[in-house]
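S.K.:
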Amino acid sequence: MLGGVVSAPDDMTQEQWEAMKRATLDYLNHDGRLLSVVEHGEESHRHIHFYKVAGAGERFETIHPGRAAANAAKQAGAAKGTQNAAYIKAMRAYQDDFFAEVGCRHGLTRLGPARRRLTRSAWQAEQQAAAASGAAMAKADAMTAAAVECTTIAATICAEADAAKASALAAADIAKAEADKATAALTLAQQRQKSNQLVVAKWTQERAVMVAMSKKIEVEKQSLDAFSKTGARIGAFIGALAGRAADALVAVMAGHKAKEAATAKALQLALEASANETARRLAAEQAAKAVAWQRDAIKEAASKAQREAEAERQELASVIEALQPARPLTQSIPTTRPRL
Numbered sequence: 008m009l010g011g012v013v014s015a016p017d018d019m020t021q022e023q024w025e026a027m028k029r030a031t032l033d034y035l036n037h038d039g040r041l042l043s044v045v046e047h048g049e050e051s052h053r054h055i056h057f058y059k060v061a062g063a064g065e066r067f068e069t070i071h072p073g074r075a076a077a078n079a080a081k082q083a084g085a086a087k088g089t090q091n092a093a094y095i096k097a098m099r100a101y102q103d104d105f106f107a108e109v110g111c112r113h114g115l116t117r118l119g120p121a122r123r124r125l126t127r128s129a130w131q132a133e134q135q136a137a138a139a140s141g142a143a144m145a146k147a148d149a150m151t152a153a154a155v156e157c158t159t160i161a162a163t164i165c166a167e168a169d170a171a172k173a174s175a176l177a178a179a180d181i182a183k184a185e186a187d188k189a190t191a192a193l194t195l196a197q198q199r200q201k202s203n204q205l206v207v208a209k210w211t212q213e214r215a216v217m218v219a220m221s222k223k224i225e226v227e228k229q230s231l232d233a234f235s236k237t238g239a240r241i242g243a244f245i246g247a248l249a250g251r252a253a254d255a256l257v258a259v260m261a262g263h264k265a266k267e268a269a270t271a272k273a274l275q276l277a278l279e280a281s282a283n284e285t286a287r288r289l290a291a292e293q294a295a296k297a298v299a300w301q302r303d304a305i306k307e308a309a310s311k312a313q314r315e316a317e318a319e320r321q322e323l324a325s326v327i328e329a330l331q332p333a334r335p336l337t338q339s340i341p342t343t344r345p346r347l
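One gets my numbering by counting positions in the sequence shown from 1 and adding 7 to each.
#1: Please list the terminal residues of the continuous alpha helix (DSSP H) segment that includes residue 106.
#2: Enumerate in chain order the residues of its own chain whose CB-to-CB distance from residue 45 is below 7 Å, with the five nearest sequence positions on each side excluded.
#3: Contact defined as beta carbons within less than 8 Å: I believe residue 67 pairs with residue 76. What is the distance between those atoms, to the nearest angstrom?
#4: Identify whether residue 51 lies in helix, strand or coil by the three-state DSSP scheme.
#5: Return the CA-CA distance between residue 52 and residue 20, expressed in angstroms with no decimal places.
#6: Just mark residue 99 as buried or exposed, buried being the case when its beta carbon has 16 or more other beta carbons within 10 Å.
#7: Residue 56 by DSSP, collapsed to three states: which one?
#8: Give a yes or no on whether the C-beta atoms belonging to residue 175 and residue 295 are separated by under 9 Å.
#9: I need the straight-line Cα distance from residue 8 to residue 329, nearest angstrom please.
#10: Look at the alpha carbon of residue 220 and the alpha carbon of residue 278, and state the distance between them as a whole number of angstroms.
#11: Kindly identify the DSSP beta-bridge partner or partners of residue 43.
#12: Would you list the one or two residues that DSSP bridges to residue 207?
#13: Below 8 Å on the Cβ atoms is my guess for residue 72 versus residue 97; work out the distance and round it to an integer in Å.
#14: Just mark residue 10 as buried or exposed, buried being the case when its beta carbon has 16 or more other beta carbons within 10 Å.
#15: So is residue 314 buried or exposed if we call it buried at 16+ other beta carbons inside 10 Å?
#16: Below 9 Å between beta carbons: does that hold for residue 161 and residue 318?
#17: Is residue 73 helix, strand or coil when you go by DSSP?
#18: Could you give the DSSP three-state label for residue 9: helix, strand or coil?
#19: Can you say whether residue 167 is buried or exposed, counting buried as having 16 or more other CB atoms within 10 angstroms of its CB?
#20: Find the nearest neighbour of residue 102 within the set 199, 116, 209 and 283, judged by alpha-carbon distance.
#21: Going straight from the alpha carbon of residue 284 to that of residue 302, what length do you get?
#22: So the alpha helix (DSSP H) residue 27 belongs to, where does it begin and stop?
#23: Would residue 178 and residue 291 qualify as a contact pair, given that the criterion is a beta-carbon distance under 9 Å?
#24: Within 10 angstroms of the Cβ of residue 35, are there 16 or more other Cβ atoms? Answer buried if so, exposed if not.
#25: Expressed to the nearest angstrom, what Euclidean distance is found between the alpha-carbon atoms of residue 276 and residue 183?
#26: Among 205, 305, 104 and 89, which residue has its Cα nearest to the Cα of residue 158?
#27: If I measure Cβ to Cβ from residue 95 and keep anything under 8 Å in the same chain, skipping five residues before and after, which residues do I get?
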C-alpha cells in the first residue's frame with residue numbers, strides 16, 4: 008500500500024483549504040486507485056493522509072513513480088547508484104507535477120524559504136506573487152470554462168437555426184409543389200376554355216344556318232297562306248316544322264350558355280388558387296431568409312464573445328508570466344480552446 012501526506016500552511020483560510028483538498032483528491036485519484044483519505048485539522052498545519060493500492064494483478068510500481076523509475080533502471084542493467092538517482096528524479100518530478108496541477112493554483116510555492124536562504128521580505132514577496140499567480144490561474148480557468156459554455160450554447164443555437172432553416176426550406180418545397188399543381192390545373196382549364204371556344208364558334212355557325220333556314224321557312228309559309236284550303240294543310244305543316252326548329256335552337260343556345268358559365272367559373276377558381284399558392288411560396292422564402300440572417304447574427308455574436316475572452320485570457324497569461332518566480336515552473340494550463 009502507498010501512503011502520503013499533503014499539508015497546508017497555517018495562514019491558509021478554511022475556504023482555501025477546502026478548495027485545495029478537492030483539487031488534491033482529484034489529482035490523487037486520477038487513476039481510480041485512491042483507497043482512503045484521513046484529514047487532521049486540529050494540528051498546527053492542516054493536512055491529509057492518503058492511501059492507494061495497486062489493482063488486482065498489478066505490481067506496486069504502477070502506483071509509485073519512484074519505484075517504477077528505479078525498476079526501469081534496474082531492468083536496463085544500471086548500477087545501484089543510477090537506480091537511486093532515477094528514483095530521486097522521478098519523485099522530484101512527481102512533486103513538480105503536483106505543484107503545477109494543484110499547489111501553484113492555491114498560492115503555494117514549490118520550495119520553502121529556509122532551503123533557498125531567502126530573507127523574510129523576499130519570502131513574503133514570493134508568497135504574494137504565488138497568491139496572485141494562483142488567483143490569476145483560477146480566473147483563467149473560470150474564463151476558459153465560461154468560453155466553453157458559450158461555445159456550447161452558440162453551437163446549440165446554430166443547430167436550432169439550421170433546423171428552422173431546414174423546416175422553412177421543406178415548407179417552401181411543399182408550397183412550390185402546390186403552386187406547380189395549381190399552375191397545371193390553370194393550364195388544363197385554359198386548354199378546356201380554348202376547346203369550349205371552338206365548340207361555341209361551331210355552335211354559332213350552326214345557329215346562323217338554322218336561323219337562315221327558319222327565316223326561309225317563314226317566307227315560304229307566308230307565300231303559302233294565299234292558297235286554298237288544300238294549301239292551308241301545307242301551311243300548317245310548315246308552321247309546325249318551323250316551331251320545332253325554333254324550340255331546338257333555343258335548347259341548343261341554353262346548353263352552350265351553361266357550358267360557358269361553368270368554364271368561366273373553373274377558370275376563376277384556378278386563378279385564385281394560383282395566386283394563393285404564389286403568396287404562400289413567397290412567405291416561406293422570406294421566412295427562410297429571416298432564419299438565415301438570425302443564424303448569421305448569432306454566430307457573429309458568439310465569435311465576438313469568444314475573441315474577447317481569448318484576448319482577456321492572453322492578458323492574464325502575460326500577468327501570470329510576470330508574477331512567476333525566477334525558477335521556471337512546469338504548468339498544465341490549457342493553451343488551446345475548442346473551436347466554434
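For glycine and all other residues, C-beta sits at the position ideal for the given N, C-alpha and C.
Keep in mind that this is a model prediction, so the values were computed, not measured.
M.R.: The structure says:
#1: 87 to 108
#2: 55 and 56
#3: Contact doesn't hold; Cβ gap of about 13 Å is too wide.
#4: coil
#5: 12 Å
#6: exposed
#7: strand
#8: yes
#9: 41 Å
#10: 42 Å
#11: 58
#12: BP columns for residue 207 are empty, so no partner.
#13: 5 Å
#14: exposed
#15: It counts as exposed.
#16: no
#17: helix
#18: strand
#19: exposed
#20: Residue 116 is the option with its Cα nearest to residue 102.
#21: 27 Å
#22: 21 to 35
#23: yes
#24: buried
#25: Taking the straight line joining both Cα atoms gives about 18 Å.
#26: 305
#27: 73
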